[in-house]
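Student:
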Amino acid sequence: MGGVKCRSLHGCCIEAYLGDITKVKCDAIICASDSRVSINAGLLGEIKEAGGSQILKEIEHNLKKLPDKNIKSGQVLVTGAGRMSCKHVMYVNGPAISNGIDTVESAIMACLIKAEDMKLQSIAFPALGSG
Numbered sequence: 002m003g004g005v006k007c008r009s010l011h012g013c014c015i016e017a018y019l020g021d022i023t024k025v026k027c028d029a030i031i032c033a034s035d036s037r038v039s040i041n042a043g044l045l046g047e048i049k050e051a052g053g054s055q056i057l058k059e060i061e062h063n064l065k066k067l068p069d070k071n072i073k074s075g076q077v078l079v080t081g082a083g084r085m086s087c088k089h090v091m092y093v094n095g096p097a098i099s100n101g102i103d104t105v106e107s108a109i110m111a112c113l114i115k116a117e118d119m120k121l122q123s124i125a126f127p128a129l130g131s132g
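Using our numbering, the first residue of the sequence shown is number 2, and each one after it goes up by one.
Written out as structure tokens, the structure is:
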């Protein structure tokens with residue numbers, strides 16, 4: 002996967018890559034999802050396939066802990082990564098750019114706050130809100 006390294010921003014090194022996010026070696030990958038993490042297409046479907054049954058079990062188990070068994074806007078659900086190279090997967094209730102940039106920004110910030118709480122060093126974001 003080829004990357005373009007960008008300069009440091011507020012002490013963070015930001016790199017852009019084009020490729021399969023399920024193969025990225027990092028602390029966590031981010032996945033936009035529906036509120037019940039039930040879609041089996043797109044990136045969510047690829048993550049479920051690449052991660053295997055362990056991810057499916059963790060999603061179900063972690064959803065049961067949430068009120069209404071749904072990921073609310075601004076909330077992040079975390080699982081392990083199963084067979085993938087990353088350590089965790091963070092699911093956010095999929096922001097759509099058509100709902101305004103604020104929804105995408107809110108989802109990104111929720112992931113960054115959760116990553117900081119978990120003391121993660123590297124996270125991989127797909128193009129959130131791009132459809």
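Idealized CB from N, CA, C, for every residue including glycine.
Where does the unbroken beta strand (DSSP E) through residue 94 begin, and where does it stop?
Tutor: Segment 89-94, the beta strand (DSSP E) holding residue 94.
Student: Look at the alpha carbon of residue 68 and the alpha carbon of residue 86, and state the distance between them as a whole number of angstroms.
Tutor: Going by the C-alpha atoms only, they are around 30 angstroms apart.
Student: Please classify residue 42 as buried or exposed, where buried requires at least 16 neighbouring CB atoms within 10 angstroms.
Tutor: Under this definition residue 42 is an exposed residue.
Student: Could you compute how far the alpha carbon of residue 81 sits from the alpha carbon of residue 95?
Tutor: Each residue's Cα considered, the two are about 19 angstroms apart.
Student: Quick one, are the C-beta atoms of residue 93 and residue 17 less than 7 angstroms apart?
Tutor: No. Outside cutoff.
Student: Determine the burial state of residue 26: buried for a count of at least 16 other Cβ atoms within 10 Å of its Cβ, exposed for fewer.
Tutor: Exposed.
Student: What does DSSP give as the partner residue(s) for residue 81 in the beta ladder?
Tutor: DSSP output for residue 81 lists 89 as bridge partner(s).
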